[in-house]
Amino acid sequence: RRLSERSMLANAPECQTDRPFSGWLRKCKGVKAGRASRFISDTNRRFFTVDFPKHLLYYSHSCRGKRISWPIPFRDLLRVSLASTIADGDEDAEAEDCPPPVRRANSRASMTSIVSRISGSSLGGLTGRRQNYGFVLVYRRSLEEHRTRLLCSSQAEAMQWVV
């Protein structure tokens, strides 16, 4: 189902559409990201902006960044849907093009394993699993359909971006 600009704006009662809406999100690395890059992290932190006055969506590497990604006009947004994933690998079907994270061998001597154990225990509790909330952006560029998974720290934050 294609979203119209009017319906996107009408469905955002709490959002101020007379100015841009911005915030930090984690962008899942796509299939084209190298194995070494995904070994370090399967997401990148990016500063996203929904520019309502200009009808554009884009991101940058910093909140003051003068360089931005290729902007996505609202008219090219095909679908935005909430998605929930568990960091252990149970992926939502909507973003099947996002590759699974590279699994690390559990070694007591490896610095990567030590850091993973420390951060995994603090982030995932006893199970090592962490709930991630976010949404999937489906858009058109050069006659091709693209999907991007964006992760938020809470379901409430994800709702701010989608509603």
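Counted the way the numbering used here counts, the sequence shown spans residues 379 to 541.
For each residue, glycine too, the CB sits at the ideal point set by N, CA and C.
Residue i classed as buried or exposed, judged by whether at least 16 other C-beta atoms fall within 10 angstroms
i      : result
Thr395 : exposed
Arg527 : buried
Lys444 : exposed
Leu455 : buried
Trp448 : exposed
Leu521 : exposed
Pro391 : With a pLDDT of only 47 at Pro391, under 50, the local geometry of the prediction cannot be trusted, and the value read off the model is given with reservation. Result: exposed.
Ala541 : Looking at the sequence itself, residue 541 is Val, so the reference to Ala does not match. Per the 10 Å Cβ criterion, exposed.
Ala461 : buried
Met386 : Low local confidence applies: a pLDDT of 49 at Met386 is under 50, so the model's placement there is unreliable, with the coordinate-based value given in what follows. Buried: at least 16 other Cβ atoms inside 10 Å.
Residue from the options whose Cα sits closest to the Cα of residue i
i      : options                           : result
Leu434 : Arg423, Arg453 and Ser440         : Arg453
Arg423 : Arg442, Lys432, Trp402 and Ser459 : Trp402
Asn510 : Cys406, Pro398 and Phe399         : Cys406
Ser400 : Arg518, Gly408 and Ser438         : Ser438
Gln371 : Arg518, Arg519 and Val458         : The chain is shown from 379 up to 541; residue 371 falls before or after that span and cannot be answered.
Phe425 : Pro431, Ser532, Cys441 and Gly408 : Cys441
Gly408 : Ile446, Ser532 and Arg525         : Arg525
Supposed close pair residue i, residue j - CB separation, criterion 8 Å
i      : j      : result
Glu523 : Val514 : So it is not a contact: roughly 12 Å between Cβ atoms.
Pro398 : Asp429 : 4 Å
Thr421 : Leu529 : 6 Å
Ala534 : Gly512 : Contact doesn't hold; Cβ gap of about 12 Å is too wide.
In DSSP terms, what residue i is bridged to
i      : result
Pro451 : Leu434
Trp402 : Phe425
His524 : Tyr517
Arg457 : Val516
Short CB-CB distance (under 7 Å) between residue i and chain B
i      : result
Ile446 : Among the chains in the structure shown there is no chain B, since it carries only a single protein chain.
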